[in-house]
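Data first, discussion second: the structure below is written as structure tokens.
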Amino acid sequence: MKKFLSLLLTTAMLCTLLAGCGSKNGNSDGGYTPVNEVQGVSDDTILVGNTAATTGAYATVGTPFNAGMEAAFKAYNDAGGFQGKNIVLKHYDDGFDGAQGMTYTKQLVETDKVFAITGHFGTNTVGATLDYLKEKGVPMIYAATGIDDLYQEAATGNDAVIYPVQPIFSAEGRVLLARAVAPTTDGMGLGGTKIGVIATTDDAGAGLLAGVERENEDLKVELAVQEVEASATDFSAAVNVLKNAGCDVVIACMNQNPLATLMNTMRDVNYNVNVVTSYVNASATTLGAFVDSGAITDSRMVYCTAWLDATNEVGMADYATFYTAMNAWELANGETGNTYALNSYAMAGYIAGSIFVQSLQAVDKAGLELNYVNYAKIMEETEFSIPMGGTISFAGGDRLGVTALALNCVSLTKNESGVYALVPVSPIMPLADVVAAIH
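One point on numbering: in the numbering used here, the residue at position 192 of the sequence shown is 196, and numbering is uninterrupted.
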């Protein structure tokens, strides 16, 4: 069971929604000026909203995602809610269309008057609505995408009302470089001294590369960078540049299809160094196929990040809590009670709901009135626990998404069930701790 959960939780959760390139924002006056002091809060409810694709091609993502979020809210409401107020989710189906998502987001904010957008869903809608939400000063908690438009360092004013949790390309790129050069002790890093980077020119590659280069402003590692087209079927020219330069670790800034091209090319040119890449590539099936083809060997391993882990004691306890909440919500809504128990999208939605619940708990504990200024204060001051994951803080205006990631690889032999499995190499660690080990 643990092995299955590890495989599930470290696969490309919501990777189908990942796209975009970078921007960093800042409000020079430092002042937060929401249009309203507060909205969406009544004597008995706190109204939040999102627009998610619950019909069409992305319904298999949006439906369980919203179910997981609703499960987290139900558990909180059943326990008494916020000073007797229940969280209520208002949802519109945008069909994964950015224009429709923008229309519905405006309706949520201006007509329905939600307190916050929670579980903001999908690249198209998130990218289209960020500037609008900042203008209105309405908080956005958790985006189901990793686009770089979410990435902000030291955001101030209305820019700071965006609170991403899921890994963002640029932030993960920073982690990839740190893991590439960190010492090998306890599997913390790969111990590289000259790092080769191969990045696709699409949104994923560009975002991850931007993060690598951002982190190198501090680490000052010798880098050799090659950019390739994601659709290319042979990366020989780029790979040979890194091989001839003597790079002893390669960072693969790319998604699964180009990763296959990279690994096959490294095999064909006999380039035997370790590779580290994004969590979106952490599929035992994909990596196991590389073992079968000889692209992964004991001298040419692929290490992937992971932001969730249910294999340890804390992670298993968190999963049990998720299961109980999900089961209760399903039974109350005509489901079997086990429909979403192992659904990674439902887990993502549950995490989104949990972060919002924790924020209300922090406001309550501080004895503050629930309004936008107090909420922004609490979001800056609170360290949030990610169920089945690490922690995340929004202190100092940093809006990086989670940077506390684990590292894993694939087994070189099949298990008793006849399949390859992901193998934990290093536990979830904050980026700051990995960097500290380098210095």
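C-beta: ideal position from N, C-alpha, C; glycine also.
Inset, instruction - Starting from the C-beta of Val65, find all residues in its chain whose C-beta is less than 6 angstroms away, skip the five residues before and the five after it, and write them out in chain order. - result: Cβ neighbours of Val65 beyond the five flanking positions: Tyr349.
Legend entry - Same chain, Cβ closer than 7 angstroms to Asn347, five either side skipped, listed in chain order: Within the same chain, Cβ atoms closer than 7 angstroms to the Cβ of Asn347 are found at Pro68, the five residues on either side in sequence being excluded.
Legend entry - At least three beta-carbon pairs within less than 8 angstroms, the stretch 138-155 to the stretch 163-177: Cβ pair count under 8 angstroms is three or more, so yes.
Legend entry - Buried/exposed call for Gly88, threshold 16 Cβ in 10 Å: So Gly88 ends up on the exposed side.
Inset, instruction - Return the chain-ordered list of same chain residues with a C-beta closer than 7 angstroms to the C-beta of Val377, the five sequence neighbours on each side being excluded. - result: Excluding sequence neighbours, Val377 sits near Tyr36.
Inset, instruction - Please classify Asp47: is it buried, with 16 or more other beta-carbons within 10 angstroms of its beta-carbon, or exposed? - result: By the neighbour-count definition (other C-beta atoms within 10 Å, threshold 16), Asp47 is an exposed residue.
Inset, instruction - Give a yes or no on whether the C-beta atoms belonging to Val243 and Tyr275 are separated by under 9 angstroms. - result: Contact flag set, yes.
Legend entry - C-beta contact flag for Gly99 and Tyr62 at 9 angstroms: Their beta carbons are under 9 angstroms apart, which means Gly99 touches Tyr62 by this criterion.
Inset, instruction - Determine contact between the stretch 176-185 and the stretch 255-268, defined as no fewer than three beta-carbon pairs at a distance below 8 angstroms. - result: By the Cβ criterion, the stretch 176-185 is in contact with the stretch 255-268, since at least three pairs of Cβ atoms, one from each stretch, lie closer than 8 angstroms.
Legend entry - Residues near Val273 by beta carbon distance below 8 angstroms, same chain, minus five either side: Cβ neighbours of Val273 beyond the five flanking positions: Ser240, Val243, Asn244, Lys247.
Inset, instruction - Look at the alpha carbon of Thr160 and the alpha carbon of Lys140, and state the distance between them as a whole number of angstroms. - result: Distance from the CA atom of Thr160 to the CA atom of Lys140, rounded to whole angstroms, is 14 angstroms.
Inset, instruction - Write down every uninterrupted run of the alpha helix (DSSP H) in the stretch 269-334 whose length is 4 residues or greater and which is fully enclosed by it, in chain order. - result: Secondary structure remark: continuous alpha helix (DSSP H) runs of at least 4 residues inside the stretch 269-334, in chain order: 288-297.
Inset, instruction - Tell me where the beta strand (DSSP E) around Tyr62 begins and ends. - result: Secondary structure note for Tyr62: it is in no beta strand (DSSP E), with a DSSP letter that is neither H nor E.
Legend entry - Three CB pairs or more closer than 8 angstroms across the stretch 428-436 and the stretch 306-326: Three or more Cβ pairs drawn from the stretch 428-436 and the stretch 306-326 lie within less than 8 angstroms of each other, which places the two stretches in contact.
Legend entry - Alpha carbon of Gly400 to alpha carbon of Pro143, nearest angstrom: CA-to-CA, the gap between Gly400 and Pro143 works out to about 16 angstroms.
Inset, instruction - Compare the beta carbon distance of Gly53 and Lys94 with 9 angstroms and say whether it is the shorter of the two. - result: A Cβ-Cβ contact shorter than 9 angstroms links Gly53 with Lys94.
Inset, instruction - Can you have a look at Thr446 and say buried or exposed, based on whether 16 or more other CB atoms are within 10 angstroms of its CB? - result: In the structure as shown, the chain begins at 5 and stops at 443. Residue 446 is therefore absent and cannot be evaluated.
Legend entry - Beta carbon of Gly422 nearer than 9 angstroms to that of Ala71: Contact flag unset, no.
Legend entry - Contact check, Tyr96 vs Tyr108, beta carbons under 9 angstroms: Taking 9 angstroms as the Cβ cut-off, Tyr96 and Tyr108 qualify as a contacting pair.
Inset, instruction - Could you check the C-alpha separation between Lys198 and Lys224 for me, to the nearest Å? - result: Cα-Cα distance, rounded: 11 angstroms.
Legend entry - For Leu409 and Val179, believed in contact at Cβ under 8 angstroms, the rounded distance: Between Leu409 and Val179 the Cβ distance is about 5 angstroms, and since that is below 8 angstroms, they are a contact.
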